[in-house]
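In the numbering used here, the protein residues as written are 696 to 914. Glycine is no exception: its CB is placed at the ideal position from the N, C-alpha and C atoms.
Next comes the structure, spelled out in structure tokens:
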């Protein structure tokens, strides 16, 4: 089962789907609100996406799959496995999101400024503040995004007893190596490997990624 990242789609895993289809039943879908899936009507949290994914498993009669997840997909995988340990088998997380380090004064000042400007000139605040990714979203997706990115999932990770492999790109600046190591410290049965590449190292370096994944799932 492949779980894609935020503002991405199942097509990100094209090289992996083609490779692993030779050995496994492979499923890749678009999360609600992305790709070819339906639009979000209400602002989903990570909990909501985990429950939605569990429902997809049931609908497709998928039982205890191995999961390969990227970035935001890792958030969903961690939440799902922490709540339903028997619903999944091994987890392979690449560029995993879900770790929030203590935020400094500059971040708090920026948030305070945003909230003040939003009260005075909300349209201006929406255009000037937030990441480029955030500014492209609809109002419902923006509310969902805020719920998602403000949840630290390390406590969920501590509940997971499944085998977990983190595959991290050595040049990943979106979810850097220190975040992967912080996740690793939480998993009871986890390991970490690195490959060349950035946040989409599995796209940039598919052969290395696929061989690592194949060995992990075969063990």
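- Of the residues assessed, residue 883 falls on the exposed side of the cut-off, its CB having fewer than 16 other CB atoms within 10 angstroms.
- With the rule of 3 Cβ pairs closer than 8 Å, the stretch 897 to 906 does not count as touching the stretch 872 to 880.
- A check of alpha carbon separations from residue 736 across 866, 835 and 864 identifies 835 as the nearest.
- For residue 898, there is no enclosing beta strand (DSSP E); the enclosing alpha helix (DSSP H) has its first and last residue at 896 to 899.
- Between residue 710 and residue 900, the alpha-carbon positions lie close to 10 Å from each other.
- Taking the Cβ atoms as the reference, residue 848 lies roughly 14 Å from residue 790, outside the contact range of under 8 Å.
- According to the DSSP assignment, residue 775 belongs to the alpha helix (DSSP H) that extends over 767 to 778.
- Nearest to residue 732 by C-alpha distance, out of 703, 749 and 717, is 703.
- Burial state of residue 853 is exposed, judged by a 10 Å Cβ sphere holding fewer than 16 other Cβ atoms.
- DSSP, read as helix, strand or coil, puts residue 891 in coil.
- For residue 789, the enclosing beta strand (DSSP E) has its first and last residue at 786 to 789.
- Beta-bridge annotation (DSSP): residue 751 is not paired with any residue.
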